[in-house]
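Asker: Under mature numbering (1 follows the signal peptide of the UniProt record, and there is no 0), read the sequence shown as residues -31 to -1, 1 to 483, first letter to last. Here a beta-carbon is modelled for each residue, glycine too, at the ideal position from N, C-alpha and C. Sharing a structure here in structure tokens format.
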Amino acid sequence: MRIKRPKTLLAAALAAYLAVATLTGCSLSSAAETIGTESSTSTSSATSSTDVALTTDDALADNKDHAETAALADETWDEADEVRVTLDGDTAEASGAGVEVDGSTVTITAPGTYRLTGTLTDGQVVVSSEADGLVRLVLDGADITSATTSAIAVMEADDVSVVLADGSENFLRDAAEYEYEGDEDEPNAALFSKDSMVISGDGSLGVTGNANDGITSKDGLVIAGGTITVEAADDAVRGKDYLVVTGGTLDVTASGDGLKADNEDGTDDDGDTVGYAAFLGGEVTVSSGDDGVHAESDLVVADGTLTVTRSAEGLEGAHVLVAGGTTDVTASDDGLNAAGATGTTSGGMGGESVGDFSLAVTGGALTVDAGGDGLDSNGTTTVTGGDVTVLGPTSNGNGALDSQGTFTVDGGNLVAVGPSGMTQAPDGGSAQAWVVATFDTLAAGTEVRVVGDGGSVLAALTLTKDAQSIVLSAPDLVDGRTYTVLAAGSEVATVTAGEAVTEGTGGVGRGRRG
């Protein structure tokens, strides 16, 4: 009998690349090209020599290391070649070679396909395979708990694939305190791998990281399928070089970061980008005590559904790109934040430095509810497509929009509401018209509309918190025309498209920061 994954993952990943390239024409890591003629000639004094190019046709070209790992989920195998490992309380039995059992510790020592079933009440599955070749762990009703360390630890392997068998329910739980002095080479998660790992299949997996993380790879990690739930004392899901989601359903709860790619090197020995996170499909829900999703380099949302229900900062990376899919972020601090350890090189508004960072929205639907800045970039901000709604803070120390470098809107729909003290208008060099209005405080629950001649409605929303300003850019706006802002049907402001007018208790300007 031949067993084959029902979805062609590599083809799907390549299709996603093409879709992103078509939608965005976007590269997150090159700083050699300008955003476009109009934005590069912006009149803003915050324009930086480190503006990141967002108009090339290789959105993920520099973030390709995960493709080989993702392809492992698509391989076939003969059921007759499987080694069946039956877990039984404090011991186990194996039907073939490549498995050593020492009490409640099961060690896999060679490449092959191993189907794990049953329960270890206090034990561990270790992969220690020196030979070249894939180690495939098929979890088929496996329930593994350890009182001393991680439940599954991949310490050495050429390639690793974890497959959740169709219809199966699987559980991994680690110790609340590990019985060794931890260092960077020791396991620190319920499901741990020192090598790149892919998780796929149509079964379910519940992971509890009692000590530190839930799922961790010290190299790269791809989530390609399955219904996965993770609860973690620290970070829920971590890859080092990359963390990529291409399919499946992932629901994580973490005291630290929800999802994370934390290689700070920037590039590897081959010059490829590392420390990146990408969402190419699937459904992801995050509740975290720190960042919802954190990437040291690029963070790309190209497809699927990403929902951050709780976080300090929602999405953070040096270069953040939303190119497709549906993204909904709730954050007590910044919603989307383009920032990191990259050096700063030139002066921005207020004498602050503009760094080599970028935040771009080129497609998809993005909703942000932030207690701090809604869209915050320590470099450039660009909107060229998509539907963006920002429900900003109520404090005047932050703004719904905050870009230290150029802030251009060349397409799409953008509406942002927040306080008036830090309201930021798009650059005058934007290709698409915009309006900015400030007004006396409107209470949560108020319906706000922006209307044009004859009462045509350009935008409408119901406030979820108090607000004193609105920024709107839409294809139907026309520079120089007058528009009216209505609150519960009554006029609160009249503005002219393209004019940033100081009004009320705060100011409207470029590059103002808290």
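Checking the sheet assignment: what are the DSSP bridge partners for residue 201?
Answerer: In the DSSP output, where bridge partners are listed per residue, residue 201 has 178, 223.
Asker: Figure out for me which residue from 288, 443, 287, 254 has the closest Cα to the Cα of residue 280.
Answerer: Measuring from the Cα of residue 280, the nearest candidate turns out to be 254.
Asker: Taking only three categories from DSSP, how would you classify residue 57?
Answerer: In this structure, residue 57 counts as strand in the three-state DSSP scheme.
Asker: For residue 126, which three-state DSSP category applies?
Answerer: In this structure, residue 126 counts as coil in the three-state DSSP scheme.
Asker: Per DSSP, which residues does residue 166 bridge with? Please list them.
Answerer: Per DSSP, 129, 190.
Asker: Excluding the five sequence neighbours on either side, which residues of its own chain have a C-beta within less than 6 Å of the C-beta of residue 194, listed in chain order?
Answerer: Here the set comprises 169, 170, 216, 217.
Asker: Near residue 101, what residues of its chain come up, given a Cβ to Cβ distance below 6 Å and the 5 sequence neighbours on each side ignored?
Answerer: Answer for residue 101: 127, listed in chain order.
Asker: Please list the terminal residues of the continuous beta strand (DSSP E) segment that includes residue 334.
Answerer: Taken as a continuous stretch (DSSP letters only), the beta strand (DSSP E) holding residue 334 covers 334 to 339.
Asker: Could you please give the first and the last residue of the uninterrupted beta strand (DSSP E) stretch that includes residue 48?
Answerer: Careful: residue 48 lies outside any beta strand (DSSP E) and carries neither H nor E.
Asker: How would you write the range of the alpha helix (DSSP H) that residue 37 sits in, first residue to last?
Answerer: Here the alpha helix (DSSP H) through residue 37 covers 35 to 40.
Asker: Tell me residue 376's beta-bridge partners as DSSP assigns them.
Answerer: BP columns for residue 376 point to 350.
Asker: Between which two residues does the beta strand (DSSP E) holding residue 209 run?
Answerer: Careful: residue 209 lies outside any beta strand (DSSP E) and carries neither H nor E.
Asker: Please classify residue 24: is it buried, with 16 or more other beta-carbons within 10 angstroms of its beta-carbon, or exposed?
Answerer: In this predicted model, residue 24 has a pLDDT of only 34, less than 50, meaning its place in the structure is not dependable; the value taken from the coordinates is given anyway. Residue 24 is buried by the Cβ-count criterion.
Asker: Pop quiz: residue 108 and residue 131 are said to be a contact at Cβ under 8 Å. What is the actual Cβ separation, rounded to whole angstroms?
Answerer: The Cβ separation is near 7 Å, so the contact holds.
Asker: Assuming residue 165 and residue 189 make a contact with CB atoms under 8 Å, what is their CB distance in whole Å?
Answerer: Between residue 189 and residue 165 the Cβ distance is about 4 Å, and since that is below 8 Å, they are a contact.
Asker: Between residue 289 and residue 328, is the Cβ-Cβ spacing less than 8 Å?
Answerer: Yes; because the gap between Cβ atoms is below 8 Å, this pair is in contact.
Asker: Quick check for students: name the residue ranges of the beta strand (DSSP E) that lie wholly in the segment 369 to 437, counting only runs of 3 or more.
Answerer: Listed in chain order, they are 370 to 372, 376 to 378, 382 to 387, 403 to 411, 416 to 420, 426 to 431.
Asker: So the beta strand (DSSP E) residue 460 belongs to, where does it begin and stop?
Answerer: First-last of the beta strand (DSSP E) with residue 460: 459 to 465.
Asker: Looking only at DSSP bridge pairs, what is residue 83 linked to?
Answerer: Answer by DSSP bridge pairing, in chain order: 52, 106.
Asker: Check the C-beta distance from residue 266 over to residue 292 and give it rounded, since I have them as a contact under 8 Å.
Answerer: Residue 266 to residue 292, Cβ: 16 Å. No contact.
Asker: Would residue 484 and residue 419 be called neighbours here (beta carbons separated by less than 8 Å)?
Answerer: Since the displayed the chain opens at -31 and closes at 483, residue 484 lies outside it and no answer follows.
Asker: Would residue 326 and residue 355 qualify as a contact pair, given that the criterion is a beta-carbon distance under 8 Å?
Answerer: Result no, Cβ atoms of residue 326 and residue 355 do not sit closer than 8 Å.
Asker: Helix, strand or coil for residue 456, going by three-state DSSP, please let me know.
Answerer: Three-state DSSP puts residue 456 in a strand.
Asker: Could you give the distance in angstroms between the alpha-carbon of residue 443 and the alpha-carbon of residue 249?
Answerer: For residue 443 and residue 249, the distance between alpha carbons rounds to 27 Å.
Asker: Cα-Cα, which of 278, 307, 175 is closest to residue 285?
Answerer: Minimum Cα distance to residue 285 is reached at 307.
Asker: My understanding is that residue 396 touches residue 377, with C-beta atoms under 8 Å, so please give their C-beta distance in whole angstroms.
Answerer: Rounded, the Cβ-Cβ distance is 5 Å, consistent with contact.
Asker: Assuming the contact rule is C-beta atoms closer than 8 Å, residue 361 and residue 324 should be a hit. Round their C-beta distance to whole Å, please.
Answerer: No, residue 361 and residue 324 are not in contact; Cβ-Cβ is about 22 Å, not under 8 Å.
Asker: Skipping 5 residues on each side, what residues in its chain have a beta carbon closer than 8 Å to that of residue 380?
Answerer: Once the five neighbours on either side are set aside, the close Cβ partners of residue 380 are 352, 353, 354, 400, 401, 444.
Asker: Give the secondary structure of residue 265 by DSSP, where H, G and I count as helix, E and B as strand, and everything else as coil.
Answerer: Three-state result, residue 265: coil.
Asker: Quick one: what does DSSP say residue 345 is sitting in, helix, strand or coil?
Answerer: It is a strand residue.
Asker: Work out the CA separation of residue 32 and residue 199 for me, nearest whole Å.
Answerer: Roughly 26 Å between the two C-alpha positions.
Asker: What first and last residue would you give for the beta strand (DSSP E) that runs through residue 140?
Answerer: Where residue 140 is concerned, the enclosing beta strand (DSSP E) stretches over 138 to 142.
Asker: Who are residue 279's beta bridge partners in DSSP?
Answerer: 256, per the DSSP bridge assignment.
Asker: Exposed or buried, which one is residue 425 when buried takes at least 16 other CB atoms within 10 Å?
Answerer: Counting Cβ neighbours within 10 Å, residue 425 comes out exposed, since fewer than 16 surround it.
Asker: Using the Cβ count rule (16 or more neighbours within 10 Å means buried), how would you classify residue 463?
Answerer: So residue 463 ends up on the exposed side.
Asker: Hey, out of 449, 416, 364, whose CA is closest to residue 405's CA?
Answerer: Comparing Cα positions, the closest option is 449.
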